[in-house]
Amino acid sequence: MRTEICPAHEGTPTDPPRIDLPPAGSPARPPDGATDDSEAQFREMADAAPILIWMCGPDKLCHYFNKPWLEFVGRTLEQEMGNGWAEGVHPADLAHCLDVFWRSCDARLEFTLDYRLRRADGEYRWILDRGTPRFSPAGEFLGYIGSCIDITESKTARDDLDRRVRERTAELEAFAYSVSHDLRAPLRTIDGFATALSDECGPHLEGRGKDYLQRVRDGVHRMADLIDDLLQLSQVDRSALAAQACDLSSVARGIVGSLRELEPARAVDIVIQDRVIVDGDPHLLRIALDNLLGNAWKFTSKVANATIELSAVQRAGEVLIAVRDNGAGFDMAYARRLFNPFQRLHRVEEFPGTGVGLATVQRIVNRHGGRIWADSAPGCGASFYFTLPLRATDA
Ligand SMILES: Nc1ncnc2c1ncn2[C@@H]1O[C@H](COP(=O)(O)OP(=O)(O)OP(=O)(O)O)[C@@H](O)[C@H]1O
Ligand SMILES: [Mg+2]
Numbered sequence: 001m002r003t004e005i006c007p008a009h010e011g012t013p014t015d016p017p018r019i020d021l022p023p024a025g026s027p028a029r030p031p032d033g034a035t036d037d038s039e040a041q042f043r044e045m046a047d048a049a050p051i052l053i054w055m056c057g058p059d060k061l062c063h064y065f066n067k068p069w070l071e072f073v074g075r076t077l078e079q080e081m082g083n084g085w086a087e088g089v090h091p092a093d094l095a096h097c098l099d100v101f102w103r104s105c106d107a108r109l110e111f112t113l114d115y116r117l118r119r120a121d122g123e124y125r126w127i128l129d130r131g132t133p134r135f136s137p138a139g140e141f142l143g144y145i146g147s148c149i150d151i152t153e154s155k156t157a158r159d160d161l162d163r164r165v166r167e168r169t170a171e172l173e174a175f176a177y178s179v180s181h182d183l184r185a186p187l188r189t190i191d192g193f194a195t196a197l198s199d200e201c202g203p204h205l206e207g208r209g210k211d212y213l214q215r216v217r218d219g220v221h222r223m224a225d226l227i228d229d230l231l232q233l234s235q236v237d238r239s240a241l242a243a244q245a246c247d248l249s250s251v252a253r254g255i256v257g258s259l260r261e262l263e264p265a266r267a268v269d270i271v272i273q274d275r276v277i278v279d280g281d282p283h284l285l286r287i288a289l290d291n292l293l294g295n296a297w298k299f300t301s302k303v304a305n306a307t308i309e310l311s312a313v314q315r316a317g318e319v320l321i322a323v324r325d326n327g328a329g330f331d332m333a334y335a336r337r338l339f340n341p342f343q344r345l346h347r348v349e350e351f352p353g354t355g356v357g358l359a360t361v362q363r364i365v366n367r368h369g370g371r372i373w374a375d376s377a378p379g380c381g382a383s384f385y386f387t388l389p390l391r392a393t394d395a
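Position 270 of the sequence shown, counting from 1, maps to 270 under the numbering used here, and the rest follow consecutively.
Okay, here's the thing in structure tokens:
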């Protein structure tokens with residue numbers, strides 16, 4: 001099979017302009033600008049190196065492969081020359097491989113790629129290929145030199161580890177879900193009897209007894225909140241991602257409306273950018289915004305002129321969404337912890353909560369293939385940023 005290759009910036013995918021490969025048997029070009037002596041030295045070193053080395057010119061055509069490369073693929077230099085090397089790349093990896101190679105070449109940038117390359121015995125091996133652009137002393141682009149190592153073992157081990165972590169996480173999620181679920185029934189019983197005790201015996205109880213009973217009921221309610229949050233956290237991973245166009249602006253307005261209804265006395269200036277439309281799961285994104293706006297609402301409760309803002313910008317391949325407030329803020333030294341369950345930077349007496357909200361938000365954002373981070377300082381408000389790819393992926 002002959003692989004036809006065309007530069008990414010020319011032609012259309014259906015009608016690629018053909019690049020003629022150098023005629024079979026044509027001599028390999030020496031590294032540009034190299035004298036015969038230095039070239040011989042270079043070849044000696046490259047052939048003795050325990051890595052696979054290739055070189056191409058500014059025309060993106062390869063003109064050199066060291067001995068370890070040729071031995072690895074079990075082909076001749078003539079077969080590999082020009083674009084011949086691409087015949088050994090796994091068909092599923094070729095498009096990505098060429099895309100990165102051509103784009104990097106056009107931008108004269110270093111690149112790192114992993115792809116499968118057919119070994120002499122026919123087995124595809126994972127290769128880590130690092131390409132570095134070369135320039136003459138006058139700054140003229142000379143092409144690339146690339147070095148490759150076989151990473152099959154470490155990649156297989158990593159994939160295996162990832163799979164095991166995913167399996168264990170799913171088991172833990174299922175466990176957390178059923179435990180949380182099963183805890184609800186006895187908790188309801190405690191709550192029911194505590195209420196009955198308060199109703200029937202309350203008048204007979206003295207100050208201390210009343211206080212104890214109240215503490216039991218507070219504890220029960222806090223535990224119920226925790227269970228609800230834990231169930232929500234584990235449910236984020238349990239359903240399939242149903243992505244569709246989702247208007248975050250109107251979702252945010254609905255959430256803010258409910259917050260205002262719950263605390264009508266609060267005057268909060270809320271600015272929501274119009275038509276923030278993203279691709280995502282509406283149910284999950286609502287939970288994410290519920291938590292972020294809920295936090296902004298909660299942590300601005302002690303400032304005068306509270307302000308909350310939701311804005312978005314589109315940039316390469318993704319939408320960046322920001323939720324900002326001018327509330328209590330926090331010390332950035334602990335920022336990374338916030339996205340772990342039960343991590344709180346404020347005391348419950350100061351600002352209530354269970355510390356599960358941001359962990360849930362992070363999972364939702366990650367499931368969409370996005371990232372989340374925060375920026376803040378104590379007393380200076382907080383900004384939470386998250387990205388969503390233009391096309392949501394079930395990551
Ligand atoms: N907008 C914010 N301003 C200041 N601190 C914040 C803000 N958002 C989150 N934090 C800090 O991060 C912690 C974790 O937030 P998270 O939403 O996970 O939990 P929570 O709001 O305390 O409880 P809940 O589980 O009810 O959401 C908070 O307790 C608080 O310390
Ligand atoms: Mg919260």
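C-beta: ideal position from N, C-alpha, C; glycine also.
Integer-rounded CB distance, given that residue j should sit under 8 Å from residue i
i      : j      : result
Ala312 : Gln273 : 6 Å
Gly143 : Pro91  : Contact doesn't hold; Cβ gap of about 26 Å is too wide.
Val323 : Leu292 : 4 Å
Ala288 : Val361 : 5 Å
Ile308 : Val268 : 6 Å
Thr132 : Leu226 : Incorrect: roughly 53 Å between the Cβ atoms, too far for contact.
Ile277 : Cys246 : 7 Å
Distance between residue j and residue i (C-alpha atoms, nearest Å)
i      : j      : result
Leu230 : Leu338 : 16 Å
Asn326 : Ala382 : 6 Å
Tyr385 : Asp150 : 38 Å
Pro50  : Asp279 : 47 Å
Ser376 : Gly329 : 6 Å
Ile372 : Ala194 : 42 Å
Asp199 : Lys210 : 11 Å
Arg116 : Arg163 : 20 Å
Ala333 : Ser147 : 39 Å
Thr300 : Ala306 : 6 Å
Cys97  : Phe111 : 11 Å
Asp414 : Phe141 : As shown, the chain starts at 1 and ends at 395. That puts residue 414 outside it, with no answer to give.
Lys60  : Gln244 : 40 Å
Met45  : Ala157 : 31 Å
Tyr212 : Gly219 : 11 Å
Val356 : Glu171 : 19 Å
Thr387 : Glu263 : 30 Å
Pro30  : Asp37  : Because Pro30 sits at a pLDDT of 49, beneath the cut-off of 50, its placement in the model cannot be relied upon, and the following sentence gives the value as read from the coordinates. Whole-angstrom Cα-Cα distance: 11 Å.
Glu350 : Val319 : 34 Å
Glu167 : Gly207 : 52 Å
Thr189 : Arg217 : 12 Å
Arg184 : Leu197 : 20 Å
Trp102 : Leu109 : 10 Å
Val165 : His181 : 24 Å
Asp237 : Gln214 : 36 Å
First and last residue of the uninterrupted beta strand (DSSP E) at residue i
i      : result
Glu153 : Counting along the chain, Glu153 falls outside any beta strand (DSSP E), though it belongs to the alpha helix (DSSP H) covering 152-201.
Arg125 : 124-135
Leu117 : 111-118
Thr387 : 382-389
Contacts around residue i, its chain only, beta-carbon distance under 7 Å, and the 5 residues preceding and following it disregarded
i      : result
Ala24  : The pLDDT assigned to Ala24 is 40, lower than 50, so where the model puts this residue is not dependable; a value taken from the coordinates is nonetheless given after this. Result list for Ala24: Glu78, in chain order.
Ala176 : Leu230, Ser234
Cys380 : Gly329
Gly317 : Pro389, Leu390
Val100 : Phe111, Leu113
Ala359 : Leu233, Phe339, Asn340, Pro341
Cβ neighbours of residue i in the same chain (closer than 6 Å, five flanking residues each side left out)
i      : result
Leu284 : Ile364
Leu128 : Asp114, Ile149, Ile151
Pro104 : Contrary to the premise, residue 104 reads as Ser rather than Pro in this sequence. Hits under 6 Å: Phe111.
Leu259 : Trp297
Element boundaries [alpha helix (DSSP H), containing residue i]
i      : result
Asp99  : 91-107
Met55  : Premise fails: Met55 lies in the beta strand (DSSP E), 52-56, not in any alpha helix (DSSP H).
Ala40  : 36-48
Ala374 : That residue, Ala374, is in no alpha helix (DSSP H); its beta strand (DSSP E) goes 372-376.
Phe65  : Segment 62-65 is the beta strand (DSSP E) holding Phe65; no alpha helix (DSSP H) there.
Glu350 : Segment: none, Glu350 is in no alpha helix (DSSP H) and carries neither H nor E.
Asn366 : 357-367
Glu78  : 77-80
Close-in-space but distant-in-sequence residues of the same chain around residue i (CB under 8 Å, 5 per side omitted)
i      : result
Trp85  : Trp54, Cys62, Phe65, Val73
Pro378 : Ala328, Gly329, Phe330, Asp331
Trp69  : Leu52, Ile53, Trp54, Glu80, Cys148
Arg43  : Asn66
For the segment 281-346, list the alpha helix (DSSP H) runs that are entirely contained and at least 4 residues long, ordered along the chain. Entirely contained in the segment 281-346, the alpha helix (DSSP H) runs reaching 4 residues are, in chain order, 282-299.
Please list the segments of the beta strand (DSSP E) lying wholly inside the segment 225-267, counting only runs of 3 or more residues, in order along the chain. Taking only runs of at least 3 residues, the beta strand (DSSP E) segments lying wholly in the segment 225-267 are 244-247.
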